[in-house]
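Here is the structure we will look at.
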Amino acid sequence: MVTECSVLLETGDYDLSSEGLITISDEPWVPRLITHVSSSRDRQFRMEVRQRDGKCVISGLENRRADLEDWRGFDACHIVPLHLESWLVQQHYDSWITDETSSAKINSPQNGLLLSSSVHQDFDAYIVSVNPDDGYKIFCFSRDNLGVDGRILDPVCLDPNSEHCVPDQLLRWHFRQSVLANMRGDGEPIFEHDYPPGTDQITEMQGEPMAQVRFELLLADRLRDSEYSPSSHNEEP
1 MVTECSVLLE TGDYDLSSEG LITISDEPWV PRLITHVSSS RDRQFRMEVR QRDGKCVISG
61 LENRRADLED WRGFDACHIV PLHLESWLVQ QHYDSWITDE TSSAKINSPQ NGLLLSSSVH
121 QDFDAYIVSV NPDDGYKIFC FSRDNLGVDG RILDPVCLDP NSEHCVPDQL LRWHFRQSVL
181 ANMRGDGEPI FEHDYPPGTD QITEMQGEPM AQVRFELLLA DRLRDSEYSP SSHNEEP
């Protein structure tokens with residue numbers, strides 16, 4: 001019998017027990033694509049997240065080229081993904097986003113974290129997440145390729161005096177999705193993400209898990225980019 005302690009457990013197989021009732025949740029998880037900002041309103045989001053964080057807030061990697069405006073390898077990542085913009089409002093999660101400078105709640109820097117590109121991929125795949133109810137500890141739900149498991153989220157994005165402070169409620173939502181995606185049975189499928197330029201992504205997806213859902217997400221993402229691109233608002237002469 002091993003009780004709660006501060007000593008690291010040795011590698012091995014353990015049976016976990018609880019005095020309370022354990023039930024398996026049938027709550028669905030929310031799949032998402034790895035996305036990058038592209039429209040004008042997204043670019044404002046990117047600039048504000050960069051200015052606030054200045055580093056990968058999960059790995060701690062600093063961007064020493066920030067003064068050169070070189071942000072290669074760092075991404076402004078949405079906590080609640082862009083395709084859930086309507087859901088954010090319907091579920092009243094937008095009430096936790098309090099800054100008044102953003103044109104859309106989904107693109108508020110309060111819904112963003114600056115992450116290294118590698119961490120961004122794991123965050124969007126629900127492999128890496130932050131538990132705000134455990135001291136903002138970072139959890140890795142797979143093999144920890146990035147060495148981030150057990151770290152603490154950098155407080156630069158949590159300053160309560162900042163209008164761009166990330167609310168616990170959004171982090172809690174992401175952590176719950178990570179638990180739902182990884183802690184039932186064999187977990188949810190791993191999606192391919194590496195599509196070189198020129199690849200017919202839709203054709204490639206047809207033979208992959210959850211092809212229909214991913215196709216719908218991809219289509220919604222492209223339509224959103226088209227809707228907010230400058231050319232889409234130009235009137236015909």
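Under full-length UniProt numbering, the first residue of the sequence shown carries the number 1, and numbering increases by one thereafter. Note that CB positions come from ideal geometry on N, CA and C, so glycine has one too.
Taking only three categories from DSSP, how would you classify residue i?
i      : result
VAL148 : coil
VAL128 : strand
ASP122 : helix
SER59  : coil
PHE141 : coil
ALA181 : helix
SER229 : At SER229 the pLDDT is 47, less than 50, meaning the model places this residue with poor confidence; the figure from the coordinates comes in the next sentence. SER229: coil per DSSP, three-state reduction.
TRP29  : coil
LEU21  : coil
HIS174 : helix
VAL166 : coil
VAL7   : coil
ARG64  : coil
GLU48  : helix
ASP15  : coil
ASP133 : coil
Please classify residue i as buried or exposed, where buried requires at least 16 other C-beta atoms within 10 Å of its C-beta.
i      : result
PRO109 : buried
LEU9   : exposed
GLN91  : exposed
ASP154 : buried
VAL7   : exposed
SER232 : Note that SER232 scores a pLDDT of 42, beneath 50, so its modelled location is shaky; the value from the coordinates is reported in the next line. Classification of SER232: exposed, given that the 10 Å Cβ count is below 16.
TYR93  : buried
PRO160 : exposed
TYR14  : exposed
PRO31  : buried
ILE79  : buried
LEU68  : exposed
LEU146 : buried
ASP134 : exposed
THR11  : exposed
SER17  : exposed
For residue i, which beta-bridge partners are listed by DSSP?
i      : result
LEU158 : Its beta-bridge partners do not exist; DSSP assigns none.
PHE74  : SER116
Quick one: residues in its chain with C-beta nearer than 7 Å to the C-beta of residue i, no 5 flanking neighbours on either side, listed in chain order?
i      : result
ASN63  : GLY54, LYS55, TRP71 and PHE74
ALA76  : VAL37, PHE45, ARG46, VAL49, ARG50, GLY112 and LEU114
HIS164 : GLU48, ARG52, ASP99, PRO109 and GLN110
CYS140 : ILE127, VAL128, VAL148 and ASP149
TRP96  : PRO167, GLN169 and LEU170
ASP42  : ASN107
LEU88  : VAL80, ASP94, LYS105 and ILE106
ALA66  : GLY54
Sorted by chain position, which residues of the same chain lie with C-beta nearer than 6 Å to residue i's C-beta, five sequence neighbours on each side aside?
i      : result
ARG172 : PRO132
CB-CB under 8 Å to residue i, same chain, minus the five flanking residues each way: which ones, in chain order?
i      : result
CYS5   : none
VAL130 : ILE58, TYR136, LYS137, ILE138, PHE139, LEU153, LEU171, HIS174 and PHE175
ILE24  : ARG184
LEU158 : TYR136, CYS165 and VAL166
ARG151 : ILE58, SER59, GLY60, LYS137 and ILE138
Could you tell me which uninterrupted alpha helix (DSSP H) segments, each at least 4 residues in length, are contained entirely in the segment 78 to 110, listed from first to last along the chain? 85 to 90
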